[in-house]
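Q: The structure under discussion is supplied below as structure tokens; questions concerning it will follow.
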Amino acid sequence: MNILITGSNGQLGNEMRVLSAQHPKHNYFFTDVVEAENTHLLDITDKAAVSAFIAAHAIDLIVNCAAYTNVDKAEEDEITATKINAEALSVLGSQGIRVIHISTDYVFSGEACQPYREADPIAPHTIYGITKYEGEKRLLATCPEAVILRTAWLYSSFGNNFVKTMIRLSKERKELGVVFDQIGTPTYAADLAWAVFTVIEAPVWHPGVYHFTNEGVCSWYDFTIAILALANSTECQVHPILSEEYQYKTPRPHYSVLDKSKFKKTFNVQIPYWLDGLQRCMKLLNF
Ligand SMILES: NC(=O)c1ccc[n+]([C@@H]2O[C@H](COP(=O)([O-])OP(=O)(O)OC[C@H]3O[C@@H](n4cnc5c(N)ncnc54)[C@H](OP(=O)(O)O)[C@@H]3O)[C@@H](O)[C@H]2O)c1
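Residue numbers (the numbering used here): 26 to 312.
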């Protein structure tokens, strides 16, 4: 197959590049809005450019790793967030080929106390969540064959993320307050890339919405303790704090845990525990 990867300079996009080496039977076209090595320029909001690219390279499948992911900035720039997270999904969905797309736990209210299933009520509280849900709907309306993987708390050795921020802050500060009343599952983007390839390589195509994160549950505080333990960082004292003590510009969900039963049953796989993913990522960061 000829596979188009959009947003390939991001966390997941880079992990797709790494893992694609283990699947050499396909041809990959890595694209993004910013020029980089081995990257074609392609803006997913540009319908003419997307159609021309797909025709020129006889693309069979799109893996959409592109998104407007800055939750705080999305509140101030709803127009751009809507273009990239919502309107572009009509562009990608209407190309007459299959699409694998990534969505988010932010489509839910975050007020549950048991893991969210795919069919649970949608109630996004942020512009980011609203635009991502609109994207899901637009994609399913234009491409009923699409696969949507909702994930949460992504990190990677590529790009900026919570893991790298905590390592940096632990070197700069003697004390650090981290929220313990937001619960979720840290998810290594390399494991999400593996999930994407699990979908691609399945003997049968299984369209629909799925939840995928690593296994287990923790708070941002617990995650930080694990990161700093693996980084051998002993100088910085980490304290648990409440969300109300942290000046969030945009409210964050208190509960982001996703039920992955459907993905595991459909594709007959087991998913690595979050600490296992973190250990692999920390090794790549030389810890
Ligand atoms: N990060 C998380 O914690 C998290 C949690 C749940 C779900 N997700 C979802 O998981 C997916 C992957 O996230 P990620 O963390 O890998 O994202 P990321 O690191 O922010 O990467 C997204 C990439 O898309 C590019 N992009 C932005 N606008 C584009 C456009 N119009 N056309 C083409 N490319 C464009 C970005 O470029 P610029 O950086 O130059 O804008 C960036 O390289 C996204 O769908 C996201 O919504 C992420």
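Note that beta-carbon positions come from the ideal geometry of N, C-alpha and C, so glycine has one too.
This structure is a prediction, so every number in the text was calculated from the model and none was measured.
Would you report the Cα separation of ILE87 and ILE125, rounded to the nearest angstrom?
A: Going from the Cα of ILE87 to the Cα of ILE125 covers about 6 Å.
Q: Can you check whether the CB of LEU114 is closer than 8 Å to the CB of GLY160?
A: Going by C-beta atoms, GLY160 is nearer than 8 Å to LEU114.
Q: Assign GLN36 to one of two classes, buried (16 or more other C-beta atoms within 10 Å of its C-beta) or exposed (fewer than that).
A: Buried is the call here.
Q: With DSSP run on the structure shown, which of helix, strand or coil describes ASN293?
A: Coil, per DSSP.
Q: Under three-state DSSP, which class holds ASN185?
A: ASN185 falls in the coil class under three-state DSSP.
Q: ASN39 lies in the alpha helix (DSSP H); which residues open and close that run?
A: Residues 36-45.
Q: Answer yes or no: the CB of TRP230 versus the heavy atoms of ligand 1, is any distance below 7 Å?
A: Not under cutoff, so the answer is no.
Q: Work out the CA separation of LYS199 and THR223 for me, nearest whole Å.
A: The alpha-carbon atoms of THR223 and LYS199 are separated by roughly 43 Å.
Q: Just to confirm the assignment, what range does the beta strand (DSSP E) spanning ILE266 have?
A: Looking at the DSSP string, the run of the beta strand (DSSP E) that includes ILE266 is 262-266.
Q: Pull the bridge partners of GLU103 from the DSSP assignment, please.
A: Beta-bridge pairing links GLU103 to no other residue.
Q: Does the stretch 161-180 come close enough to the stretch 105-121 that 3 or more CB-CB pairs lie under 8 Å?
A: Yes, since at least three Cβ pairs between the stretch 105-121 and the stretch 161-180 fall closer than 8 Å, the two stretches touch.
Q: So, helix, strand or coil for ARG175, using DSSP?
A: Strand, per DSSP.
Q: Between the Cα of ILE155 and the Cα atoms of PHE133, GLU143 and ASP57, which residue gives the shortest distance?
A: Comparing Cα positions, the closest option is PHE133.
Q: ALA256 to HIS82, Cα distance in whole Å?
A: Roughly 43 Å between the two C-alpha positions.
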